[in-house]
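For the sequence shown, UniProt numbering assigns the number 1 to the initial residue and increments by one for each residue that follows. The beta-carbon is built from N, C-alpha and C at its ideal position, and this holds for glycine as well. Below is one structure, written out as C-alpha cells; comments come after it.
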Amino acid sequence: MAAIVYQTDKRSGITYAYESVSYWDKDKQQSRAKRTLIGRVDNETKEIVPTDGRGRKKKEVPAPLQRGPVPSIQTSRSFYGATYLLDAIGEKLSITEDLKHCFPSIYWQILSIVYYLILEDKNPLYRFEKWSSLHKHPYGKNITSQRSSELFTSITEEAKNKFFQLQGKRRTEKEFWAYDITSISSYSEHLRQVQYGKNKESDPLAQLNLALVFGERSNLPFYYRKLAGNIPDSKTIKNLLADLDVLGFSKVKLVMDRGFYSQDNINALFKEHLKFLISVKISLAFIRKELDLIYDKFRIFEHYSEKYELYCHTVQTNWLYTQYRPYKGDTLSEPRRIYIHYYYNIDKAAEDEKAFDRKLIALRHELESGKRVPEHENLYKKYFETKTTPKRGTKVTANEHAVTKAKRYYGFFALLTNEKMDAITALELYRNKDVVEKAFGNLKERLNMRRTLVSSEQSLDGKLFVEFVALIYLSYIKKQMQETDLFKSYTLQSALDKLDVIECFEAPGQKLRVGELLEKQKEIYIGLGVAPPSSL
C-alpha cells in the first residue's frame, strides 16, 4: 500500500516528500517500507516540486495535449470509450490547454479526478483506485485520498482566476450571462464561511453559498465564487462586478432573478454601463404605477403570444439614477432609460385566485367559530369586518375593496432591462437562466456536492474548483444531448455507460488499438460533436 511521507531536513529546513510502499519481508518476517523520493515541498504553495534530492529539479516531460499514441511501458487492456470522449471535449473547449497553462505540474491529475467525478456518479474519491486500474485516463496512475487532499490544497487563487479569465474569453461577451446562487450545506464547524442563513432547499444545517456565472448561448459556466452562508443574494452584485472587472470583463450583460433586485444594484449596473435583465416583484410601487396606466387595455388580442399562451406588453420609462460623488460631496441624480416587460398568465391568475379564496374561507371560519389564530390578526383586519351581537352572534363580512385590490395583480409578472428588446425575446432570455439551476442540480446530485465533507478552507477551495471543471464537461454534454435529441434514447448516465465499455489495448512498441465500436456508440459520439475513436 502506497502513502506519501514528509520529512524535513533540519540543516536546510527543506521538507521532502517520499512515496512509501509497504511490503512483507519474508526473511525478517515483518512489514517493511520502501521510500522513493518524489520531490521537495514548496513553502508557499505546499505543492510537491519534483527533484533528485540534491536541489535540482527533475526535467518534466509533459504528456501531449493532443489525442495520439502514447508509448506504453507495459501490456494493458483498459476501458477507454468514455475517457476518450472527455479528452475530445477538453480539447474542443480548450479546458485541457487552459488547465495546463494555469496548473502546469498537476493538470493531468486534476483531469483524472474530473473524469472520475463525471463517470462514477456520486462515488466518493476513495474509490478512485479501483476506477483508475480499469480505465485509461490522463494521469494514468492511482491518486490516493491523501494525494487528492494535497492536490486540492495546492490549487491557488491566482491560478483559478487565470483559468476563469481564459475560459471567460472563450465565451462571447455579446451574450447575456446568467448569474445565480445556491446553498451547500455542511457538517463542518471549522469552515469560516459556513453560516446559518436562508437555505434554498430548507436544509436545517449551516451552509455556504456558491455563485455561478453561465453563458446563455454556450450553456457553459466560466466563473464561480464561494460566499458565506448568511449573505443575501442582493448583497453580492457589487463584488461580482468588481471580480468581473479584475478578470478583464468590462462590458457584460447579466440576467438575474428577483432576489438580486435592489435600487443600489440597479444603480451599480448603470454606473458600470452594463446591460442587465432582471425579474422584479409586481408589488414594487413604480412597477404597479406603470402597469396601472395600461391595465385596462392589457388583455387585447394583439398582446397575446400563441407560443407561450400569455399576454405581454413593454413599457419604456425612466429610472431615477443616483450616484454619490465623494470628490464633489454631492449626489448626482438623472433619468436613465429603462424598459419594463409585463406578462399576464390567465391560468396562473385563476390558480392564485382560487388559492386566495380558499385562504379567505379558512380565515372567515376562524372568525365565526371564535378560534382566532394570533398570527392571522393582520389578515382579519385587512380583509374582514366583524360585528358581534348577543342575539345574532358574530357576523363576518368581507372587505370587497381590499379583496379586489389583492386580486388585481394576480397572474402578472415583470422583467426589467436597460437594453431595448421585445417582450418575447426578454422572456426567452430570462427562461434560459434555468441553465444555472440545472447546473446546481448537477453539482449537488451527480457531483456529490449536496453537503460538504471537507474540514479545511484550502481543501474545500480546491475541491470546489475541480468540481467546477467537471461541471463544464457535464454542461457541454447535456447541451449537446438536448440539441441532438439524444435524450429521447438515453439518459446522461446511460449514454456515458454505453461508451465506457469500449476498450483499448496497449503494448510496448505498439500503437494504441481501440476495440470494436457499435453503430449506436458512433451515433452518440457524433451527437456529442466528437469524431469516434479509431485504432491508431
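> In the structure shown, what three-state DSSP assignment does H341 receive?
Replying inline: strand
> Run through DSSP, which three-state label would E157 get?
Replying inline: Reduced to three states, the DSSP call for E157 is helix.
>> What does DSSP give as the partner residue(s) for E19 in the beta ladder?
In response: I4, T36
> Three-state secondary structure (DSSP) at A507?
Replying inline: Looking at A507 - three-state DSSP - the assignment turns out to be coil, as it is neither helix nor strand.
> From the DSSP output, which residues share a beta bridge with residue 545?
Replying inline: Outside the shown range of the chain, which is 1 to 536, sits residue 545, and nothing can be said about it.
> Is it right to say H341 is buried, meaning 16 or more other beta carbons lie within 10 angstroms of its own, or is it exposed?
Replying inline: buried
> If you draw a straight line from the alpha carbon of S489 to that of I181, how long is it in whole angstroms?
Replying inline: 32 Å
>> Checking 7 Å against the spacing of the C-beta atoms, do Y476 and I118 come in under that value?
In response: Their beta carbons are not under 7 Å apart, which means Y476 does not touch I118 by this criterion.
> beta strand (DSSP E) containing V396: first to last residue?
Replying inline: 393 to 398
> Three-state secondary structure (DSSP) at Y324?
Replying inline: The three-state reading of DSSP puts Y324 in strand, counting E and B together.
> In terms of residue numbering, what span does the beta strand (DSSP E) encompassing S78 cover?
Replying inline: Taken as a continuous stretch (DSSP letters only), the beta strand (DSSP E) holding S78 covers 76 to 79.
> Is R127 buried or exposed, if buried means 16 or more other CB atoms sit within 10 Å of its CB?
Replying inline: exposed
> Helix or strand or just coil, what does DSSP make of residue 537?
Replying inline: No statement about residue 537 is possible, as the shown extent of the chain runs from 1 to 536 and does not include it.
> For the candidate residues H365, V514, K271, whose alpha-carbon lies nearest to that of L332?
Replying inline: Distance from the Cα of L332 is smallest, within the candidate group H365, V514, K271, for K271.
>> Whole angstroms are fine: how far does the CA of A82 sit from the CA of G515?
In response: 13 Å
>> Less than 7 Å between the beta carbons of K463 and F152, yes or no?
In response: yes
>> Quick check on the DSSP output: the beta strand (DSSP E) that includes A414 runs from which residue to which?
In response: 412 to 417
> Does DSSP put G168 in a helix, a strand or coil?
Replying inline: helix
>> Does S132 pass the burial test, meaning 16 or more other C-beta atoms within 10 Å, or should it be called exposed?
In response: buried
> Which residues mark the beginning and the end of the alpha helix (DSSP H) in which K387 is found?
Replying inline: K387 -> not in any alpha helix (DSSP H); beta strand (DSSP E) instead, spanning 384 to 389.
> Name the DSSP beta bridge partners of W319, please?
Replying inline: R336
>> If I measure Cβ to Cβ from Y139 and keep anything under 6 Å in the same chain, skipping five residues before and after, which residues do I get?
In response: For Y139, the CB contacts under 6 Å within the same chain, skipping 5 residues up- and downstream, are W108, Q109, S112 in chain order.
>> Does the contact criterion of 3 or more C-beta pairs under 8 Å hold for the region 368 to 379 versus the region 296 to 316?
In response: Not touching, per the Cβ criterion.
>> Is it buried or exposed, L536, if we count other Cβ atoms within 10 angstroms and call 16 or more buried?
In response: For L536, the pLDDT reaches just 46, beneath the cut-off of 50, and the residue's location in the model is therefore unreliable, although a value from the coordinates is still provided. So L536 counts as exposed.
> Just how far apart, CA to CA, sit P532 and Y525?
Replying inline: 6 Å
> Do the region 279 to 288 and the region 344 to 354 make contact, defined as three or more Cβ pairs closer than 8 Å?
Replying inline: no
> Roughly how many whole angstroms lie between the Cα atoms of N142 and H135?
Replying inline: 11 Å
>> In whole angstroms, give me the CA-to-CA distance for A507 and S76.
In response: Cα-Cα distance, rounded: 7 Å.
>> What does the alpha-carbon distance come out to for the pair K520 and G527?
In response: Approximately 10 Å, taken between the alpha carbons.
> In the structure shown, what three-state DSSP assignment does A426 receive?
Replying inline: helix
> How many angstroms separate the CA atom of V501 from the CA atom of A495?
Replying inline: 11 Å
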